[in-house]
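Colleague:
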């Protein structure tokens, strides 16, 4: 699926942003299931100002930081440009044998995949301390304002 995501600063002050992407499978009632979120594949783009925090990411959650200052009214480069479902989904079959009758049911039938994106912003003033306080991560802020994770 073509899905281009970026962040728009609709506020009045410059800030730093973090995006948390969460993947899951939900049943017909919208309840999260135990099915593997790894089979939901996000095409995350790095090298354009976005970096993945591997230490905070899991098979269900991807945490990204925009390394530049996002000025008021501006938009970041795209951080993901697609979502796909791993073809292994089609091989997840449950076999049931009742006497002479054998039935096969696809494990993922009736479920939908969900990708949620949460965006947090932190002020640029006293950025390293503000980010540590708000997000709990240590960063270095260079003279040009760019962030790097420690």
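In this note's numbering, the protein residues as written are 32 to 181. Note that CB positions come from ideal geometry on N, CA and C, so glycine has one too.
For a quick check, are the C-beta atoms of residue 73 and residue 52 less than 8 angstroms apart?
Modeller: In this structure, residue 52 lies closer than 8 angstroms to residue 73 by Cβ.
Colleague: Going by DSSP, what residues sit across from residue 155 in a beta bridge?
Modeller: For residue 155, which the question treats as bridged, DSSP gives no partner whatsoever.
Colleague: Looking at the unbroken beta strand (DSSP E) that takes in residue 96, where does it start and where does it end?
Modeller: Counting along the chain, the beta strand (DSSP E) containing residue 96 begins and ends at 92 to 97.
Colleague: Counting only the same chain and skipping the five closest in sequence on each side, list residues whose C-beta sits under 7 angstroms from that of residue 59.
Modeller: Contacts found: 141.
Colleague: Use the C-beta contact count for residue 126: other C-beta atoms within 10 angstroms, 16 or more gives buried, fewer gives exposed.
Modeller: By the 10 Å Cβ count, residue 126 comes out exposed.
Colleague: May I ask you to list the residues that DSSP assigns as paired with residue 110?
Modeller: Residue 110 is not bridged to any residue.
Colleague: Going by beta carbon distance, what residues of the same chain come within less than 7 angstroms of residue 158, once the five residues before and after it are set aside?
Modeller: For residue 158, where only same-chain residues beyond five positions count, the Cβ hits under 7 angstroms are 47, 172.
Colleague: Please report the Cβ distance between residue 77 and residue 71, rounded to the nearest whole angstrom; I am assuming they are in contact, meaning their Cβ atoms lie under 8 angstroms.
Modeller: About 19 angstroms; that fails the 8 angstroms criterion.
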